[in-house]
Amino acid sequence: MSSSDHEHLRPHVLPLRRFRELARGKGGAEAIKVMLAGERSRRLLMVWLLLDQLKSHPDALGPLPHYDRAWAALVKANEQDSATVEKVLLSPQVGIWLSRMLRLLRGRAVSAGPLWVELGHLHAIAFAVAVRTKTALETSIPARAGHVMIPTLGMACLPATEAWSVVEAGYSELTGAWLRLGEPEVVIPAATEEDGNGWWGLREVVVGHDAARLDIWLDDLDPYRDLADPVPAVRLSDSDFQRWRRQIGDAWQIVSRVFPETAEAMGAGMQSLAPLPEGDRAETRSSSTGDGFGSALISPPADPVALAVALIHEFQHIKLGGLLHMVSLLEPEMNSELSYAPWRNDPRPISGLLQGVFAFFGIAQFWQNYRHGLTGADRAVAEFEFAYARRQTRLGMNALRRTSQLTDLGRSFVAELSREVRSQHAEPVTSAAARTAWAAATDHQVVWKLRHFRPDPDGVGRLARMFLAGRPPRGTRQVESILTPQPGEWNFARVALHRDGLYRPELVRGGPEESSRWSARHGASQADLALVQGRIARAAAGYRAMIAADPDDISAWSGLAVANGATAGSTAWKALTRRPDLVRAVYVAAHAVRGSVSPLAVAVWLDADRGRAHRS
């Protein structure tokens with residue numbers, strides 16, 4: 379690393395073979411190595427951009443040393459051990475910090491506290507490099523409430539009376555590494571992962587062996603581990619750390635067995651896992667960002683399989699994020715189009731849809747392989763999860779193929795991925811898994827349409843008058859629905875019932891009291907319970923009664939659509955799934971005039987116009 383080190387800023391070329399492998403969800407450690415080379419160039423470029431920006435903000439570091447001092451320390455350490463310097467710069471949290479600082483200096487983000495505290499993290503990075511390369515350095519580093527994060531090493535905890543302060547730091551072969559705030563001093567242990575007086579080491583988890591080896595930080599300290607604004611450390615207890623280590627080890631055994639090539643790639647590219655707190659819901663939550671290549675946030679998993687799925691999920695995002703740093707798959711300045719994503723409650727931009735399709739394709743791959751060799755309830759669960767994930771992927775893929783926002787490379791990527799998705803759908807699954815997956819995916823899509831689409835009021839009024847007059851429907855296709863995104867989440871109770879029932883089938887077959895308690899725990903209705911138990915007629919009657927009582931009950935409309943899709947001879951489900959917003963709007967308008975109107979009659983009536991149009 380020097381002022382003449384421009385060769386490291388050249389874009390790394392991704393071989394076409396690697397591109398096609400990645401598009402198909404393949405590509406092992408060699409593809410990750412190409413990505414890491416690209417990330418190294420990107421990080422160096424971001425450092426130089428940051429230093430260039432700081433020239434226009436000479437006082438931005440406040441009481442801390444000039445930024446040139448940190449840069450000089452990095453250059454000096456690089457002369458001694460460039461591989462170690464690279465390891466620090468490629469830390470996911472350093473990448474997140476760099477991206478955030480560039481946004482801050484360009485006015486695209488708001489600082490969490492004094493600007494010098496966030497920008498001064500540059501000196502902490504230089505200090506981390508000096509300690510790791512055993513290069514002498516004395517500097518000053520910002521502290522938050524006495525806490526100082528040294529990237530890739532750990533955190534010093536010094537007594538402080540102020541929210542923000544300046545800590546002296548130094549390293550030499552004679553004294554070792556130390557940090558001082560006034561008189562109190564913290565000495566960093568030689569084995570930095572170990573805790574000491576005032577020191578929390580950044581702990582590592584190493585599982586597996588040979589090609590299938592995972593060596594990651596279990597990061598509960600770094601303020602930039604949360605992908606956005608800096609957050610305080612939340613130190614795991616020793617028992618919680620050991621629990622996470624066991625869970626990671628068990629999950630890694632599954633990944634290595636089911637996906638050996640992916641395990642090899644993950645071992646090369648995954649660097650840290652930041653534990654999220656437990657949420658209100660049972661599902662394992664996870665997230666990642668392209669700025670933090672190699673890092674994921676994951677909440678405590680229910681079991682090793684859930685953690686294995688979360689790792690696969692986030693590693694798909696990580697790979698695509700790395701790919702997007704090297705090639706353009708989407709046209710610039712064209713990311714305004716919003717679309718349906720089967721795994722989200724909100725309309726998503728095409729960039730988010732692309733990420734989701736790639737991630738859920740990986741999830742489907744996992745369940746496709748994992749189900750083999752299972753029996754009983756375990757096999758039933760895996761069959762459903764495979765069928766459901768591949769259906770979600772296909773629904774998202776349909777939207778991707780229609781968009782005009784893909785570049786030529788983007789279209790090539792989607793075409794390669796689409797072929798793999800089609801091959802997944804050629805895989806046989808049990809009829810029960812296929813039916814339940816259709817119900818869960820349709821349920822979500824219908825609720826999404828009801829929440830976010832608003833049909834033209836004039837067209838709705840015209841159709842309602844035609845329906846009440848007993849006339850055949852005309853012009854239903856001309857009634858446009860406008861996408862009007864609505865904020866908030868919804869309780870997706872029925873898919874939770876489906877999953878819970880698969881894991882614990884005795885609950886589905888239990889007595890009325892036990893089943894009612896089970897459904898109530900998910901916030902589900904009696905009609906929902908009847909639907910999951912296969913009592914379709916009772917479920918449909920329950921949903922009709924709920925709609926009569928409250929025509930705006932979105933969950934009841936969606937349940938009615940799914941129930942009628944499982945009813946032999948019914949055609950109402952066609953309009954209820956394709957244009958549920960229009961069915962509901964016409965029903966509400968007709969109901970306001972006549973009072974006694976059947977929602978199924980409205981759906982069948984509207985579908986008749988579609989049938990006539992197809993015949994003509």
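Sequential numbering from 379 applies to the sequence shown in our numbering.
Note that the Cβ used here is the ideal one computed from N, Cα and C, for glycine as well.
| Asked | Found |
| --- | --- |
| Along the chain, where does the alpha helix (DSSP H) containing A923 start, and where does it finish? | 914 to 927 |
| Do you know offhand how far V961's Cα is from P520's? | 60 Å |
| Rounded to the nearest angstrom, what separates L778 and L732 at their Cα positions? | 7 Å |
| Tell me which residues share the same chain as E572 and place their Cβ nearer than 7 Å to its Cβ, disregarding the 5 neighbours each side in the sequence. | G579 |
| Decide if I690 is buried, meaning its Cβ has at least 16 other Cβ atoms within 10 Å, or exposed. | buried |
| Taking DSSP as the reference, what is the three-state secondary structure of S976? | coil |
| Return helix, strand or coil for R388, following the three-state DSSP convention. | Any reading at R388 must be qualified, since the residue scores a pLDDT of 46, below 50, and its modelled position is unreliable; the value itself is stated next. DSSP places R388 in coil when its eight states are reduced to three. |
| If we call anything under 8 Å between Cβ atoms a contact, is L536 one with L557? | yes |
| Starting from G532, trace the beta strand (DSSP E) in both directions and tell me its first and last residue. | 532 to 535 |
| Name the two residues that bound the continuous beta strand (DSSP E) containing H525. | 525 to 528 |
| First and last residue of the alpha helix (DSSP H) that includes W896? | 890 to 899 |
| Is L984 helix, strand or coil by DSSP? | helix |
| With C-beta atoms as the reference, is F736 less than 8 Å away from Q694? | yes |
| Do you know whose CA, among R757, E582, Y602, G937, lies nearest W622's CA? | E582 |
| For G754, name the three-state secondary structure that DSSP assigns. | helix |
| Let's test the definition: count the other Cβ atoms within 10 Å of the Cβ of S809 and tell me whether it reaches 16, buried, or not, exposed. | exposed |
| Can you look up L605 in the DSSP assignment and give me helix, strand or coil? | coil |
| Assuming F831 and W983 make a contact with CB atoms under 8 Å, what is their CB distance in whole Å? | Rounded, the Cβ-Cβ distance is 19 Å, inconsistent with contact. |
| Hey, out of E457, A547, K827, whose CA is closest to R722's CA? | K827 |
| Spatial neighbours of A589 within its chain, please: C-beta separation below 6 Å, excluding the five flanking residues on both sides. | E642 |
| Could you tell me if S1056 is buried or exposed, where buried requires 16 or more neighbouring beta carbons within 10 angstroms of its beta carbon? | The first residue shown for the chain is 379 and the last is 994, placing residue 1056 beyond what the model contains. |
| In three-state terms, what does DSSP make of D997? | The requested residue 997 does not occur in the structure, where the chain is confined to residues 379 to 994. |
| Where does L592 fall in DSSP's three states? | strand |
| Just the C-alpha distance for H384 and E464, rounded to the nearest angstrom, thanks. | Caution is warranted here: a pLDDT of 43 is assigned to H384, below 50, making its placement in the model unreliable, and no coordinate value can be reported. |
| With DSSP collapsed to three states, give me the class of V585. | strand |
| In the DSSP assignment, the alpha helix (DSSP H) including A905 goes from what residue to what residue? | 904 to 910 |
| By how many angstroms is the C-alpha of A461 removed from the C-alpha of L422? | 14 Å |
| Could you tell me the boundaries of the beta strand (DSSP E) in which G670 lies? | First-last for G670: undefined, no H or E at that position. |
| Can you grab the Cα-Cα spacing for the pair A842 / V964, in whole Å? | 5 Å |
| Report yes if the C-beta distance between V838 and A967 is below 8 Å; otherwise report no. | yes |
| Residues bridged to S518 by DSSP? | E546 |
| For L978 and A939, what's the separation of their Cα atoms in angstroms? | 9 Å |
| Pick out whichever of M424, E891, F739 has its Cα sitting closest to the Cα of A688. | F739 |
| Just curious, the beta strand (DSSP E) that E656 is in, first and last residue? | Looking at the DSSP string, E656 is not in any beta strand (DSSP E), and its letter there is neither H nor E. |
| Measure the beta-carbon distance from L1015 to I676 and round it to whole angstroms, keeping in mind my assumption that it falls under 8 Å. | Residue 1015 is absent from the model: the chain starts at 379 and stops at 994. |
| Counting C-beta neighbours from all protein chains within 10 Å, is the total for A438 16 or more, i.e. buried, or is it exposed? | buried |
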